[in-house]
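Shown next, in structure tokens, is the structure this report addresses.
Residue numbers (our numbering): 41 to 259.
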């Protein structure tokens, strides 16, 4: 299912695409470190997000960085970024992936576990960690790093916007389903009440007829 909200990707020039591919090729060997760094910063910026990952939290609220699930979650988010990098010539090909990812988060909102502003935290944390990785590359001076960070920001903004669209679409769908179910339950209750009322009326009529017959027999 594709989100009804049409969000266009930033249009990168061929030179910009090559810069993104080249830079990613140099930092993707640190995918796990990038992912873990992003999640650590997210947890630091929004401690309440930790409740979404109860298996990652040790006593005292500290993150269990050695947990397999922590590495899995961190790597999965980085793989989303990598998929977009590999699809720069046709970014719309990843729309469904991002839409579905957003929809999987919709139920967390209705369970009062997720907040829309978390997406901004994901975006800014990702930019910060990617910048950190880029500054460690000897090939790039500060000016080049700034240029790349701007490009990554546009790419990540598109990724997050697509995920948010799926997220919002799922919430809307779930709320509509709840409304339909409530209306259906209301109709069912109304029919049940109508049947009970009719049954009561029949019962009263039966009693009335029985009493009338008894009176006739007594006469």
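Backbone N, C-alpha and C define an ideal beta-carbon position, used for all residues, glycine too. Values in this document were obtained by computation on a predicted structure and should not be read as measured data.
Just verifying my parser: in three-state terms, what is the DSSP assignment at residue i?
| i | result |
| --- | --- |
| residue 187 | helix |
| residue 75 | helix |
| residue 90 | helix |
| residue 119 | helix |
| residue 206 | helix |
| residue 224 | helix |
| residue 195 | helix |
| residue 181 | coil |
| residue 143 | helix |
| residue 46 | coil |
| residue 135 | helix |
| residue 51 | coil |
| residue 127 | coil |
| residue 154 | coil |
| residue 107 | coil |
Apart from the five residues on each side of it in sequence, which residues of its chain come closer than 8 Å, Cβ to Cβ, to residue i?
| i | result |
| --- | --- |
| residue 47 | 198, 201, 202 and 205 |
| residue 112 | none |
| residue 50 | 194, 195, 197 and 198 |
| residue 75 | 111, 113, 114, 115, 116, 117 and 118 |
| residue 59 | 187, 188 and 191 |
| residue 179 | 66 |
| residue 221 | none |
| residue 167 | 189, 192, 193 and 196 |
How would you write the range of the alpha helix (DSSP H) that residue i sits in, first residue to last?
| i | result |
| --- | --- |
| residue 68 | Where residue 68 is concerned, there is no enclosing alpha helix (DSSP H), given that its DSSP letter is neither H nor E. |
| residue 172 | 158-175 |
Looking only at its own chain, which residues have a Cβ that is under 6 Å from the Cβ of residue i, when we skip the five neighbours before and after it?
| i | result |
| --- | --- |
| residue 13 | Residue 13 is absent from the model: the chain starts at 41 and stops at 259. |
| residue 79 | 114 |
| residue 259 | Low per-residue confidence applies at residue 259: pLDDT is 40, beneath 50, and the placement is therefore not dependable, though the value from the model is reported in the following sentence. No residues qualify anywhere along the chain. |
| residue 170 | 192 |
| residue 63 | 188 |
So, for residue i: in the same chain, excluding its five sequence neighbours on each side, which residues have a beta-carbon less than 7 Å away from its beta-carbon?
| i | result |
| --- | --- |
| residue 124 | 131, 134, 195 and 199 |
| residue 82 | 89, 161, 162 and 165 |
| residue 72 | 111, 114 and 115 |
Under 7 Å, Cβ to Cβ, is there at least one residue of chain D near residue i?
| i | result |
| --- | --- |
| residue 162 | You won't find chain D in this structure, because it holds only one protein chain. |
Inter-stretch contact (C-beta, 8 Å, three-pair minimum) for the region 164-180 and the region 212-226: no
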